[in-house]
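Visitor:
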Amino acid sequence: MYSVPGRRRPWAAVVTVGWSLEGRPIRRARYASSEREAKAMLLEMIAARETARPMPDDRMTVGKWLRLWFADLEHRDLRPNTIKAYERSVRLLLPELGAIPLRKLRSTQVEAALRSLGHKPHTVAGARSVLSTAIKDAMRAGHVQTNEAALARAPRTAKRKLVAPDTATVRAILSELESHRLSALYVLLAGTGLRIGEATGLRWEDVDDDRLTVRYQLQRINGEHVLTDPKTDTAGRIVHLPPVLQAALRAHKARQAVERLAAGRKWRHADLVFTTAEGEPVAESTAQWVLAQACKRAGVRHISPHDFRRYVASQLADALGRDAAQRVLGHSAPAQTEGYITTRDAMLARAADAMQEAIGG
Numbered sequence: 006m007y008s009v010p011g012r013r014r015p016w017a018a019v020v021t022v023g024w025s026l027e028g029r030p031i032r033r034a035r036y037a038s039s040e041r042e043a044k045a046m047l048l049e050m051i052a053a054r055e056t057a058r059p060m061p062d063d064r065m066t067v068g069k070w071l072r073l074w075f076a077d078l079e080h081r082d083l084r085p086n087t088i089k090a091y092e093r094s095v096r097l098l099l100p101e102l103g104a105i106p107l108r109k110l111r112s113t114q115v116e117a118a119l120r121s122l123g124h125k126p127h128t129v130a131g132a133r134s135v136l137s138t139a140i141k142d143a144m145r146a147g148h149v150q151t152n153e154a155a156l157a158r159a160p161r162t163a164k165r166k167l168v169a170p171d172t173a174t175v176r177a178i179l180s181e182l183e184s185h186r187l188s189a190l191y192v193l194l195a196g197t198g199l200r201i202g203e204a205t206g207l208r209w210e211d212v213d214d215d216r217l218t219v220r221y222q223l224q225r226i227n228g229e230h231v232l233t234d235p236k237t238d239t240a241g242r243i244v245h246l247p248p249v250l251q252a253a254l255r256a257h258k259a260r261q262a263v264e265r266l267a268a269g270r271k272w273r274h275a276d277l278v279f280t281t282a283e284g285e286p287v288a289e290s291t292a293q294w295v296l297a298q299a300c301k302r303a304g305v306r307h308i309s310p311h312d313f314r315r316y317v318a319s320q321l322a323d324a325l326g327r328d329a330a331q332r333v334l335g336h337s338a339p340a341q342t343e344g345y346i347t348t349r350d351a352m353l354a355r356a357a358d359a360m361q362e363a364i365g366g
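Per the working numbering, the very first residue in the sequence shown carries number 6; after that it's consecutive.
1. Contact between the stretch 314-322 and the stretch 183-203: three or more CB pairs below 8 Å?
2. Alpha carbon to alpha carbon, how far is A253 from L217? Give it in angstroms, no decimals.
3. Would you mind sorting N152 into buried or exposed? The rule is 16 or more other CB atoms within 10 Å of its CB.
4. Output the boundary residues of the alpha helix (DSSP H) element that contains L71.
5. Does the beta-carbon distance from V67 to I105 come in below 9 Å?
6. Mind checking Q298: buried by the 16 CB within 10 Å criterion, or exposed?
7. Taking the continuous alpha helix (DSSP H) assigned at A282, which residues delimit it?
8. Take K72 as the anchor and find which of A52, S94 and R29 has the nearest alpha-carbon.
9. So which of A329, L334, R306 and H257 has the shortest CA-CA distance to L190?
10. Quick check: what's the CA-CA separation for T113 versus L156?
11. What residues match up with V19 in a beta bridge as DSSP calls it?
12. What's the call for W24, buried or exposed, on a 16-neighbour Cβ count within 10 Å?
13. Taking E283 as the reference, give the member of C300, P100 and A262 with the closest Cα.
14. In chain order, what residues of the same chain have a beta carbon less than 7 Å from the beta carbon of Q389, not counting five sequence neighbours either side?
15. Do Y345 and A329 come within 9 Å of each other at the CB atom, strictly closer than that value?
16. Determine the burial state of R255: buried for a count of at least 16 other Cβ atoms within 10 Å of its Cβ, exposed for fewer.
17. State the Cα-Cα distance for the pair G228 and R96, rounded to the nearest angstrom.
18. Check each candidate in E79, H185, K141 and T21 and name the one with the smallest Cα separation from T280.
19. DSSP on Q293, reduced to helix/strand/coil?
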């Protein structure tokens, strides 16, 4: 360690990391503003050398690491939409944190950056999660010792509990859709809690008389509809069909056969359960629009296809318990299911009746 007068950061911490073929020492240097800072750097560099870890590098900024980390994602087994979501988060984070040396990043800086994003809460939470994952990999590579993104507190936002539609609303919507060519799609969503991509990705070979198997989900990637693996390992599951759903699917299959004959050679996807009148996959935007129009005609609040999952979760939790709801929805953790369940007054009243019977005699 020595002083270099005239420099903006006049103190240098230098260690020898090896020797060249000619016998000359190979050194690494870092510069500091004070002698105390330089001593800390020197101890850190010596510790890295002794434990065969990468030498601390102040030139590795948050932005440089995020770019290197993102470039490596293509070699991992990640879904295309997951990579796109990571890319969006990286683009948000770079202007705020990109110039900071990775080793000097602090949780307070992460918190300030998240507050300044000005996006929806789930977008901000996603950016924090991506940054935390990237820094965790930086820890494995020896660039940093702590995960400052994981230590950062997420910005406080008022959490809005999404309320599941009640049975009267669901029945009114299904009644409005009864004559629609895709009515069976919405009956299936309301009766099973399938994700919209799981429903539109169903093939007839995956449907038996009284059950179906979730093997794929339909996604739009680079402008093309493709069948991808289910969202999680637990999402691939067998779903039992009550008689009302069996009847709806039989009627839909007969209607589709008529459409297929009318389309002739224009028919595209013979194996998909739900298609357009020409056999093309049903886009999620189309399913949302049809449902929105039905809500208007029925005079009920707007709901999305995903709200049917909340409806099914709430009904099953009420009737059979939360474990049953988790299994039917294909969630990997109870906490996921908990966010879908709406506790209604009738359920609380039944709970009170049960306790009266238990302790009231």
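Virtual Cβ for every residue (Gly too), placed ideally from N, Cα, C.
Guide: Reading it off the structure:
1. Using a Cβ-Cβ distance cut-off of 8 Å, the stretch 314-322 and the stretch 183-203 are in contact, since at least three pairs of beta carbons, one from each stretch, lie closer than that value.
2. 13 Å
3. buried
4. V67 to D77
5. Using a Cβ distance threshold of 9 Å, V67 and I105 count as a contacting pair.
6. exposed
7. Premise fails: A282 is in no alpha helix (DSSP H) and is neither H nor E.
8. The sequence given here has Arg at residue 72, not Lys. The shortest Cα separation from R72 among A52, S94 and R29 belongs to S94.
9. H257
10. When rounded, the distance between both Cα atoms is 9 Å.
11. A34
12. exposed
13. A262
14. What is shown of the chain runs 6 to 366, which leaves residue 389 out entirely.
15. no
16. exposed
17. 22 Å
18. H185
19. helix
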